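The next block holds one structure in the form of structure tokens; read it before the comments.
Residue numbers (this note's numbering): 358 to 534.
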């Protein structure tokens, strides 16, 4: 073999080994890049899982708060309704008593002259009006108690919704109103 052939063979061997070294280095670099990409993907998946767990926890707390508010409302509603029914019944008993007194006043007025009759009629109307007013007042009181309970429930629901919304806004999921 001559010198030129030997030189050509040496160049070919050097080129082949260089290409082999380049390919090895390139595959190591690609593997490193893939590892970084996989690590970043795993990190994002963990962050999303943590965020989902935190969101579920906050939503669970919100649901518990709403349930507690409704339970409190329902617990207060029954005694208030019983109290209202008792007060209305008492007002109705007073009205029946007033009607009985009115009949008594009428009987008294028939025994005397016209003036006593007029006064007795007037007293009966006043007594009936007083009893009727008391019944209406008790019904209104019951309505006010019911509305107060509804407002407490609404306030509890609003506070729970605000707590959830402030958490959601702090996470950047929704714009603040």
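Note that the Cβ used here is the ideal one computed from N, Cα and C, for glycine as well.
Just so we're clear, the structure is a prediction, and the values are computed from it rather than from any experiment.
Cβ neighbour criterion (16 or more within 10 Å) applied to residue i
i, result
"residue 534", "Low local confidence applies: a pLDDT of 49 at residue 534 is under 50, so the model's placement there is unreliable, with the coordinate-based value given in what follows. Classification for residue 534: exposed."
"residue 428", "exposed"
"residue 395", "exposed"
"residue 495", "buried"
"residue 460", "exposed"
"residue 382", "Only weak support is given to the placement of residue 382: the predicted model assigns it a pLDDT of 49, under 50, and the value that follows is read from those uncertain coordinates. It is exposed - the Cβ of residue 382 has fewer than 16 other Cβ atoms within 10 Å."
"residue 484", "buried"
"residue 426", "buried"
"residue 402", "exposed"
"residue 455", "buried"
Closest Cα partner of residue i within the set the options
i, options, result
"residue 446", "523, 492, 423, 408", "492"
"residue 523", "419, 486, 481, 390", "419"
"residue 527", "477, 412, 435", "412"
"residue 450", "471, 432, 518, 489", "489"
"residue 519", "452, 422, 407, 472", "422"
"residue 431", "521, 505, 476", "505"
N-terminal and C-terminal residue of the alpha helix (DSSP H) that residue i is part of
i, result
"residue 518", "471-528"
Quiz item: Using 8 Å as the Cβ pair cut-off and three pairs as the minimum, do the segment 434-441 and the segment 497-516 touch?
Solution: yes
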